[in-house]
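Asker: Line by line, the protein sequences are chains R and A.
With our numbering applied, the first sequence closes on residue 1327, and no number is skipped along the way.
With our numbering applied, the second sequence closes on residue 1187, and no number is skipped along the way.
We put the beta carbon where it would ideally sit given N, CA and C, even for glycine.
Dumping the structure here so I can ask a few things about it.
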Amino acid sequence: MSGLNQGKMQLSGRGVICVRGGREVFSGLDFEAVSGEAVAVTGRNGSGKTSLLRLIAGLLIPAGGTIALDGGEAEMTLPEQCHYLGHRDALKPALSVVENLSFWADFLGGERNDAAESLATVGLDHATDLPAGFLSAGQRRRLSLARLLTVRRPVWLLDEPTNALDVAGQDMFGGLMREHLARGGMIVAATHAPLGIDSRELRIGGMA
Amino acid sequence: MTALSALIRRDIRIALRVGGGALIGVLFFLTVVVLMPFAVGPDLALLSRLGPAILWLGALLASLLTLDRLFMADHEDGSLDLITMSRTPLELACAAKALAHWLAAGLPLIVATPVLGLLLNLDMVSTGAVALTLLAGTPALTFTGMIGAALAVTLHRGGLLMAVLVLPLSIPVLIFGVAASQAVIVGPMNFGAPFSILCALSLVSLVVGPFAAAASLRHGLD
């Protein structure tokens, strides 16, 4: 827990410009989030919600403007302190559920929780030895969530996180996000559906 | 260090599971080399003179066969995003992936060489020489091939592009690999000179490959 409670953190973007494929997706975007706060990024399809998350994750280079995290661990870059949960779930079908999870825990490093415990929290403890290729879309999403729990990172970047989750799964996920915020983490989520937690809305690309 | 060994273990495990690429390379190598005696005919002297070249060509093509998936698979399922974001430098992660690929796909080729040497009428010493040159030279093939694999991700083209990019880079390795083997079998050159150059090529690619591949992957972020 100590890793997250090192004081107030602030994620901020100033005048961020995103250009993809020669087309300007958005420009002059300002946003900020502080510890314990969730930001719901909304906007119509193609307005750049995923691009914004990938800019924060360092997976796209902004054409202008700055994105910075203040108050985090000084010797680490912003992407190194982020969890990115995208459309693609980074699971290998040939490996079992627990092999997938423990690989990411070992590879990502840093402070970690027990993998078996995380699997129980997301409701996959009955399928630990099943190859990930046999999981349903909802179960794959749950396994990705277990990664967020097993490896601790202060910033969660979530792209349509509730996709494919059933009602019980969405409730469970709401609880996980509240816990993360209570520990002083922050969440930036691109979403169409309500997140299920109190969040500040960031609308990009004009009116939806 | 845990991060890198975790990555190596994962890649080897995937390669050895059903549908992984490790066995496909060896089977391809076996098939190509077994076909050669039928194509060349029953001229034993000719076979043993061509032997090292055939084994080297077979190993070269077999190691390229699965190399284009090196980064593509991780790119498609999103793993590459997380690897790029992680606290492990991308260069080291690339080196670890190439090492895992060599252990899973390159090493079995070398183990299979003595068996195939029999088919090509190579005696014990010659087979040993070819296996030794493959051991020294295949890391160069994997680590230069990795650059092509990274470019294939960047350019969103797999397969053939990769072969076109990588095969020219492997010409020096092929020349000195076969030259060192021939030196043992027919003489009169000594084995040391071409073999040293082969080792040097491997060492250079060990350094250049990961940096070039990581630069290409970073450049191709999107």
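Mind checking M966 (chain A): buried by the 16 CB within 10 Å criterion, or exposed?
Answerer: Numbered from its first residue, the second sequence carries residue 966 (chain A) at position 1. Classification for M966 (chain A): exposed.
Asker: Rounded to the nearest angstrom, what separates R1133 (chain R) and M1050 (chain A) at their Cα positions?
Answerer: Within the first sequence, the letter at position 14 stands for residue 1133 (chain R). Within the second sequence, the letter at position 85 stands for residue 1050 (chain A). Their backbone Cα atoms lie some 22 Å apart in a straight line.
Asker: Going straight from the alpha carbon of T1078 (chain A) to that of I979 (chain A), what length do you get?
Answerer: Numbered from its first residue, the second sequence carries residue 1078 (chain A) at position 113. Numbered from its first residue, the second sequence carries residue 979 (chain A) at position 14. Going from the Cα of T1078 (chain A) to the Cα of I979 (chain A) covers about 24 Å.
Asker: Pull up the distance between the alpha-carbon of P1198 (chain R) and that of G1177 (chain R), whole angstroms please.
Answerer: Counted from its first residue, the first sequence places residue 1198 (chain R) at position 79. Counted from its first residue, the first sequence places residue 1177 (chain R) at position 58. C-alpha separation (whole angstroms): 6 Å.
Asker: At a Cβ threshold of 8 Å, is D1244 (chain R) touching chain A?
Answerer: For the purposes of this step, residue 1244 (chain R) is identified with residue 125 of the first sequence, where counting begins at 1. Cβ-Cβ to chain A under 8 Å: no for D1244 (chain R).
Asker: Compile a chain-ordered list of the residues in the region 1176-1188 of chain R whose CB is closer than 8 Å to at least one CB of chain A.
Answerer: Per Cβ criterion, the list reads A1176, G1177, L1178, L1179 and I1180.
Asker: Does the beta-carbon of H1299 (chain R) have 16 or more other beta-carbons within 10 angstroms, so that it is buried, or is it exposed?
Answerer: Reading the first sequence from its first residue, position 180 is the one you call residue 1299 (chain R). H1299 (chain R) should be labelled buried.
Asker: Between K1127 (chain R) and chain A, is any beta-carbon pair separated by less than 8 Å?
Answerer: Stepping through the first sequence from its first residue, residue 1127 (chain R) is reached at position 8. No, no contact with chain A.
Asker: Give the straight-line distance between the Cα atoms of G1157 (chain A) and G1082 (chain A), rounded to the nearest whole angstrom.
Answerer: Residue 1157 (chain A) sits at position 192 when you count from the first residue of the second sequence. Residue 1082 (chain A) sits at position 117 when you count from the first residue of the second sequence. Computed Cα separation, rounded: 22 Å.
Asker: Going along the chain, which residues of its own chain have a beta-carbon closer than 7 Å to the beta-carbon of F1108 (chain A), five neighbours each way excluded?
Answerer: Within the second sequence, residue 1108 (chain A) is the residue found at index 143, counting from 1. Closer than 7 Å at the Cβ level, and outside the excluded window around F1108 (chain A), lie A1063, S1170, L1171 and G1174.
Asker: Since I believe L1214 (chain R) is in contact with A1108 (chain R) (beta carbons under 8 Å), could you give me their beta-carbon distance rounded to a whole number of angstroms?
Answerer: For residue 1108 (chain R) there is no data in the structure shown, the boundaries of chain R being 1120 and 1327.
Asker: Distance cutoff 8 Å, beta carbons only. Does S1044 (chain A) sit that close to anything in chain R?
Answerer: In the second sequence, residue 1044 (chain A) corresponds to position 79, counting from 1. It does; some Cβ of chain R falls within 8 Å.
Asker: Can you pull the chain R neighbours of L1009 (chain A), defined as C-beta to C-beta under 9 Å?
Answerer: Indexing the second sequence from 1 puts residue 1009 (chain A) at position 44. Ordered by position in chain R, no residue passes the 9 Å Cβ test against L1009 (chain A), which lies about 44 Å from the chain.
Asker: S1028 (chain A) touches chain R at which residues, Cβ-Cβ below 8 Å?
Answerer: Translated into positions along the second sequence, residue 1028 (chain A) becomes position 63. By Cβ distance, chain R contributes nothing, its closest Cβ being about 21 Å from S1028 (chain A), past 8 Å.
Asker: At which residues does the beta strand (DSSP E) containing L1130 (chain R) begin and terminate?
Answerer: The residue labelled residue 1130 (chain R) in the question sits at position 11 within the first sequence. Run containing L1130 (chain R): Q1129 to R1139, per the beta strand (DSSP E) assignment.
Asker: Just mark N1219 (chain R) as buried or exposed, buried being the case when its beta carbon has 16 or more other beta carbons within 10 Å.
Answerer: Sequence index remark: in the first sequence, residue 1219 (chain R) carries index 100 (1-based). Buried, by the Cβ-count rule.
Asker: Note down the Cα distance separating D1290 (chain R) from M1296 (chain R), rounded to an integer number of angstroms.
Answerer: In the first sequence, the residue the question calls residue 1290 (chain R) occupies position 171. In the first sequence, the residue the question calls residue 1296 (chain R) occupies position 177. Each residue's Cα considered, the two are about 10 Å apart.
Asker: On the CB-based measure, 16 or more other CB atoms within 10 Å of its CB, does G1205 (chain A) come out buried or exposed?
Answerer: The requested residue 1205 (chain A) is not part of the displayed model; chain A covers only 966 to 1187.
Asker: R1142 (chain R): buried (16+ other C-beta within 10 angstroms of its C-beta) or exposed?
Answerer: What you label residue 1142 (chain R) is simply residue 23 of the first sequence in a count that begins at 1. It counts as exposed.
Asker: Among all the DSSP beta bridges, which residues are the ones paired with W1275 (chain R)?
Answerer: Translated into the one-based positions of the first sequence, residue 1275 (chain R) becomes position 156. For W1275 (chain R), which the question treats as bridged, DSSP gives the partners R:H1202 and R:I1306.
Asker: Could you please give me the residues that DSSP links to F1145 (chain R) through a beta bridge?
Answerer: Start at 1 with the first residue of the first sequence, and residue 1145 (chain R) comes out as number 26. DSSP output for F1145 (chain R) lists R:C1137 as bridge partner(s).
Asker: For a contact meaning CB atoms closer than 7 Å, what does I979 (chain A) contact in chain R?
Answerer: Here residue 979 (chain A) refers to the residue found at position 14 of the second sequence. Those are K1211, A1213 and L1214, listed as they occur along chain R.
Asker: Under 8 Å by Cβ, that's how I've got V1274 (chain R) and L1130 (chain R) pegged, so tell me the actual separation to the nearest angstrom.
Answerer: Your numbering for residue 1274 (chain R) matches position 155 in the first sequence. Your numbering for residue 1130 (chain R) matches position 11 in the first sequence. Right, their Cβ atoms sit about 6 Å apart.
Asker: Which of the residues in the region 1124-1157 of chain R, read from start to end, lie with their CB under 9 Å from any CB of chain A?
Answerer: Of all residues in the region 1124-1157 of chain R, R1139 and G1140 have a Cβ within less than 9 Å of some Cβ in chain A.
Asker: Decide if I1180 (chain R) is buried, meaning its Cβ has at least 16 other Cβ atoms within 10 Å, or exposed.
Answerer: Locating residue 1180 (chain R) in the first sequence gives position 61, where the first residue counts as 1. I1180 (chain R) comes out exposed.
Asker: Any idea what DSSP makes of F1226 (chain R), helix, strand or coil?
Answerer: Here the question's residue 1226 (chain R) lines up with position 107 in the first sequence. Three-state DSSP puts F1226 (chain R) in a helix.
Asker: What does R1208 (chain R) reach in chain A if we use C-beta pairs closer than 8 Å?
Answerer: Residue 1208 (chain R) sits at position 89 when you count from the first residue of the first sequence. Looking at the sequence provided, one finds Asp at residue 1208 (chain R) rather than Arg. Going along chain A in sequence order, the residues near D1208 (chain R) (Cβ under 8 Å) are D1042 and G1043.
Asker: Output, in chain order, the set of chain A residues within a Cβ distance shorter than 9 Å of L1238 (chain R).
Answerer: Position 119 of the first sequence, counted from the start, is the residue given in the question as residue 1238 (chain R). The premise fails here: L1238 (chain R) is roughly 18 Å from chain A at the closest Cβ pair, so nothing lies under 9 Å.
Asker: S1121 (chain R) by DSSP, collapsed to three states: which one?
Answerer: Here residue 1121 (chain R) is taken as the residue at index 2 of the first sequence, counted from 1. The pLDDT assigned to S1121 (chain R) is 44, lower than 50, so where the model puts this residue is not dependable; a value taken from the coordinates is nonetheless given after this. Reduced to three states, the DSSP call for S1121 (chain R) is helix.
Asker: How about V997 (chain A) and G1023 (chain A): do their beta carbons lie closer than 8 Å?
Answerer: Position 32 of the second sequence, counted from the start, is the residue given in the question as residue 997 (chain A). Position 58 of the second sequence, counted from the start, is the residue given in the question as residue 1023 (chain A). Contact: yes.
Asker: Would you say F1222 (chain R) and R1052 (chain A) are within 8 Å of each other, going by their C-beta atoms?
Answerer: Stepping through the first sequence from its first residue, residue 1222 (chain R) is reached at position 103. Stepping through the second sequence from its first residue, residue 1052 (chain A) is reached at position 87. Their beta carbons are not under 8 Å apart, which means F1222 (chain R) does not touch R1052 (chain A) by this criterion.
Asker: Would you say P1313 (chain R) faces chain A, with C-beta separation under 8 Å as the test?
Answerer: To locate residue 1313 (chain R), count along the first sequence from 1; it is residue 194. With 8 Å as the cut-off, P1313 (chain R) does not count as an interface residue toward chain A.
Asker: Taking the Cβ atom as the reference point for each residue, do R1272 (chain R) and V1241 (chain R) lie within a distance shorter than 8 Å?
Answerer: For the purposes of this step, residue 1272 (chain R) is taken as residue 153 along the first sequence, with counting starting at 1. For the purposes of this step, residue 1241 (chain R) is taken as residue 122 along the first sequence, with counting starting at 1. Their beta carbons are not under 8 Å apart, which means R1272 (chain R) does not touch V1241 (chain R) by this criterion.
Asker: Could you tell me which uninterrupted alpha helix (DSSP H) segments, each at least 4 residues in length, are contained entirely in the region 986-1052 of chain A, listed from first to last along the chain?
Answerer: Listed in chain order, the complete alpha helix (DSSP H) runs (minimum 4 residues) inside the region 986-1052 of chain A are 987-1005, 1009-1030, 1034-1041 and 1044-1050.
Asker: Mind checking who L1188 (chain R) pairs with in its DSSP beta bridge?
Answerer: If you number the first sequence from 1, residue 1188 (chain R) lands on position 69. In DSSP, L1188 (chain R) forms a bridge with R:L1130.
Asker: Does DSSP classify V1158 (chain R) as helix, strand or coil?
Answerer: Translated into the one-based positions of the first sequence, residue 1158 (chain R) becomes position 39. Correct three-state label for V1158 (chain R): strand.
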